[in-house]
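Here is the structure we will look at.
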Amino acid sequence: MSTVEASAAASPQTGMRVRVQKFGTALSNMVMPNIGAFIAWGLITALFIEQGWLQAIFAGLRDPDGWVAKIGGWGAYDGAGIVGPMISYLLPLLIGYTGGRMVHGNRGAVVGAIATMGVVAGADVPMFMGAMIMGPLGGWAMKKLDALWEGKIRPGFEMLVDNFSAGILGMILAIFGFFGIGPIVSSFTRLAGNAVDFLVDNNLLPLTSILIEPAKVLFLNNAINHGVLTPLGTTQALETGKSVLFLLEANPGPGLGLLLAYTFFGRGVARASAPGAAIIQFFGGIHEIYFPYVLMKPKLIIATILGGMTGVFINVLFGSGLRAPAAPGSIIAVYAQTAGGSFLGVTLSVFGAAAVSFLVAAFLLKTDKATDEPDLAAATASMESMKGKKSSVASALVRAGNGPIKTIVFACDAGMGSSAMGASVLRKKIQQAGFGDVKVTNSAISNLTDTYDLVVSHRNLTDRATQKTGSAVHVSVDDFMSSPRYDEIVEQLRQANGGATSDVAAPAVEQASAAGGDALPVGSIVLNGTGTSAAQAIDEAGSLLVAAGAVEPSYIGAMHEREKSVSTYMGNGLAIPHGTNEAKTAIRRTGISFVRYPDPIDWNGKPAEFVVGIAGAGDDHMALLTRIAHVFLDKDRVAQLRAATTAEEIQAVLNAGE
Numbered sequence: 003m004s005t006v007e008a009s010a011a012a013s014p015q016t017g018m019r020v021r022v023q024k025f026g027t028a029l030s031n032m033v034m035p036n037i038g039a040f041i042a043w044g045l046i047t048a049l050f051i052e053q054g055w056l057q058a059i060f061a062g063l064r065d066p067d068g069w070v071a072k073i074g075g076w077g078a079y080d081g082a083g084i085v086g087p088m089i090s091y092l093l094p095l096l097i098g099y100t101g102g103r104m105v106h107g108n109r110g111a112v113v114g115a116i117a118t119m120g121v122v123a124g125a126d127v128p129m130f131m132g133a134m135i136m137g138p139l140g141g142w143a144m145k146k147l148d149a150l151w152e153g154k155i156r157p158g159f160e161m162l163v164d165n166f167s168a169g170i171l172g173m174i175l176a177i178f179g180f181f182g183i184g185p186i187v188s189s190f191t192r193l194a195g196n197a198v199d200f201l202v203d204n205n206l207l208p209l210t211s212i213l214i215e216p217a218k219v220l221f222l223n224n225a226i227n228h229g230v231l232t233p234l235g236t237t238q239a240l241e242t243g244k245s246v247l248f249l250l251e252a253n254p255g256p257g258l259g260l261l262l263a264y265t266f267f268g269r270g271v272a273r274a275s276a277p278g279a280a281i282i283q284f285f286g287g288i289h290e291i292y293f294p295y296v297l298m299k300p301k302l303i304i305a306t307i308l309g310g311m312t313g314v315f316i317n318v319l320f321g322s323g324l325r326a327p328a329a330p331g332s333i334i335a336v337y338a339q340t341a342g343g344s345f346l347g348v349t350l351s352v353f354g355a356a357a358v359s360f361l362v363a364a365f366l367l368k369t370d371k372a373t374d375e376p377d378l379a380a381a382t383a384s385m386e387s388m389k390g391k392k393s394s395v396a397s398a399l400v401r402a403g404n405g406p407i408k409t410i411v412f413a414c415d416a417g418m419g420s421s422a423m424g425a426s427v428l429r430k431k432i433q434q435a436g437f438g439d440v441k442v443t444n445s446a447i448s449n450l451t452d453t454y455d456l457v458v459s460h461r462n463l464t465d466r467a468t469q470k471t472g473s474a475v476h477v478s479v480d481d482f483m484s485s486p487r488y489d490e491i492v493e494q495l496r497q498a499n500g501g502a503t504s505d506v507a508a509p510a511v512e513q514a515s516a517a518g519g520d521a522l523p524v525g526s527i528v529l530n531g532t533g534t535s536a537a538q539a540i541d542e543a544g545s546l547l548v549a550a551g552a553v554e555p556s557y558i559g560a561m562h563e564r565e566k567s568v569s570t571y572m573g574n575g576l577a578i579p580h581g582t583n584e585a586k587t588a589i590r591r592t593g594i595s596f597v598r599y600p601d602p603i604d605w606n607g608k609p610a611e612f613v614v615g616i617a618g619a620g621d622d623h624m625a626l627l628t629r630i631a632h633v634f635l636d637k638d639r640v641a642q643l644r645a646a647t648t649a650e651e652i653q654a655v656l657n658a659g660e
């Protein structure tokens, strides 16, 4: 078969795998943000139900009206106490709300929760699967309905239409869920539960590892774990106080054994990095960190399968299980959810799985005839390709910040002011240093994706940026215009990229000779500002934007809100107040205002002599912002701004070529 034929034959299978991965990721994204609620329910269950820890402590106090009984409600699903309502109402509604929000923001979340209530009320089992259906369905339906009359509602009627459309749609979907989806999901849950009971009764449950362990490496586990095992396990735990299903995928033993085998019998980078990976996997619960080690030598999947089967067999043998999902799959999370009387079985299942996985993997590594050192970087890249995004933990083991830096993003809260000017200054330094092939962009933190090599942000925003781009190198700055960290970044480029490259043409935003010039008309320039504080200066700059028709009056409030999070002082006497990312809907068109103050204003302890108000509707203001940044890096031009006697002179200085 030719390569083309092979690719064509493989493409349907690959496409199916990708679709299953996306489906599993969607399920995971609905469950994972609410794991805290699952943990809370698991702890309350462990403490207060009839077989709980506090019941054992107060064994002599069997008064059904006691406080322990009232909280637990001695019935698994009778709705008494806290345990029953949490599992039957709170957890499904949280999943439905999250699913709706994923599709259509807060409006989708509300309708998703209403729709979920329909399946919850119409079912006799915890309705997690129903919530995973109705939540996104509610968000999708609301999104489509909103699109029908977007921009067609007369002013003053927006709230009326929004509220009634969400309420009516929620009612319809709740009824549909009650009579349609609820009974179907209930039947499927009972059918799947019977299948699990069959596997348990016939001692076949360990065979599930043949499916689960390869699925983990291919990132198909989320569809199995969150779509099937968590709902079934929760139903089982509700009836018996524990479930072995929670440990089918979360057991950290197989991955630990594999990584220990690499530690003792591997070669090269794989052996050197395996001990660190083992700590992250076992205690941090990040199982994906061992996936590249399997992909380097696919036959090692046998070790994880046999290890997984061993763990399941021991749990079945001892009748052990967890009260709630252990997420992430850390030994700490596993013990936190272990049911009373199951600690011995769970412990033996984890370390038994690790032992078998270690022995099998060690044998396969020792008998491996390959002489080439396994390529961990290539395996990690393969894993990230299957996953569809970078893996921060796996990439850290092979890159450790020493790989070539090709993409840099300057991130701020709104992505229209501070980040644009900071990126312009940094881009110029990098190009002057000869790294013309390094791409420097700017972005709002909320829009970041984990695809950048280096992220620059204000020190107060770095934690947020790190959450969005965990695999990147992060640099924190205080001064956007003349931070010494920019020189450090240039030096880091020299070390990471192996020397400078020849200059290339500057980005179009740098070259546009007058692009964005209309954003700063003469009428938006004030030579002598009257404000005496940062708040008054923001009002003055914002009022000029409103007067120019660039923004709605509400935008000024968003400028004050933005200033509360991180100062917009850029350095060199310049402040650039602008609105939050959420306030972009209040921007009618791109606009910039300029206010000069004879007496510098105290801007959070820094002297601000020039205040530039910004409202960026798109990218057409970037060229002017770039010019402003370059002006304030030049002392002679700053002196010209101070000496200017007319608005036209100010405009000319800001629009002048470099």
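Residue numbers (my numbering): 3 to 660.
All C-beta atoms, glycine included, are put in the ideal place defined by N, C-alpha and C.
A quick note: this is a predicted structure, and the numbers were derived from the prediction, not measured.
- Nearest in C-alpha terms to A646, of all of M32, R598, C414, is R598.
- Contact between S478 and A413 does not hold, since the beta-carbon distance rounds to 11 Å and is not under 8 Å.
- Sequence-distant Cβ neighbours of L175 in its own chain, meaning closer than 6 Å and more than five residues away, are A117, G140.
- Distance from the CA of N444 to the CA of S569, rounded to the nearest whole angstrom, comes to 17 Å.
- Proximity to A467 across D480, A446, R487 peaks at A446, based on C-alpha coordinates.
- In the structure shown, A610 falls within a strand segment according to DSSP collapsed to helix, strand and coil.
- In the structure shown, the three-state DSSP call for K146 is helix.
- Runs of the alpha helix (DSSP H) lying entirely within the region 263-309 and spanning at least 4 residues, in chain order: 270-281, 293-298.
- Boundaries of the beta strand (DSSP E) around D601: 593-605.
- With a cutoff of 8 Å on beta-carbon distance, G137 and G98 are scored as near each other.
- Under the DSSP assignment, A467 falls in the alpha helix (DSSP H) whose first and last residues are 464-470.
- The beta carbons of I333 and F267 sit about 23 Å from each other, so the pair does not count as a contact at 8 Å.
- Excluding sequence positions up to five before and after P233, its CB lies within less than 6 Å of the CB of F130, M131, all in the same chain and listed in chain order.
- Taking 8 Å as the cut-off, the beta carbon of K145 is found closer than this to the beta carbon of V105.
- Rounded to whole angstroms, the separation of the alpha carbons of S595 and F634 is 16 Å.
- Distance from A585 to A560 at the Cβ level is roughly 3 Å; contact confirmed, criterion being Cβ atoms closer than 8 Å.
- Comparing alpha carbon positions, the residue from L249, I316, A272 closest to R325 is L249.
- One alpha carbon belongs to A536, the other to N606, and they sit about 8 Å apart.
- With distances taken between CA atoms, L262 lies nearest to P277 out of G270, P277, N253, T453.
- In the DSSP annotation of this structure, the continuous segment of the beta strand (DSSP E) that includes H460 starts and ends at 456-460.
- Per DSSP, the beta-bridge partners of G573 are L576.
- Beta-bridge partners assigned by DSSP to G615: S595.
- In this chain, the beta strand (DSSP E) harbouring V411 covers 409-414.
- For V524, no beta strand (DSSP E) segment is defined, and its DSSP state is neither H nor E.
- Taking the Cα positions, T100 is about 8 Å away from P35.
- A Cβ-Cβ contact shorter than 8 Å links I282 with I291.
- DSSP, reduced to helix, strand and coil, places T118 within a helical segment of the structure shown.
- Under DSSP, N31 takes part in no beta bridge, so it has no partner.
- Taking T409 as the centre and dropping the five residues before and after it, the same chain places the C-beta of K441, Y454, D455 closer than 6 Å to its C-beta, in chain order.
- A direct Cα-to-Cα measurement between V427 and N449 gives close to 21 Å.
- Here S478 carries a strand assignment [DSSP, helix/strand/coil].
- The residues G124, A125, in chain order, have a CB closer than 8 Å to that of P185 in the same chain once the five nearest residues on each side in sequence are set aside.
- Looking at the DSSP output, T340 bridges to L324.
- The beta carbons of L93 and A28 sit no closer together than 8 Å.
- The alpha-carbon of M119 is positioned some 14 Å away from that of V187.
- Non-local beta-carbon contacts of T464 in its own chain, meaning distances under 6 Å to residues more than five positions away in sequence, involve H476, S478 in chain order.
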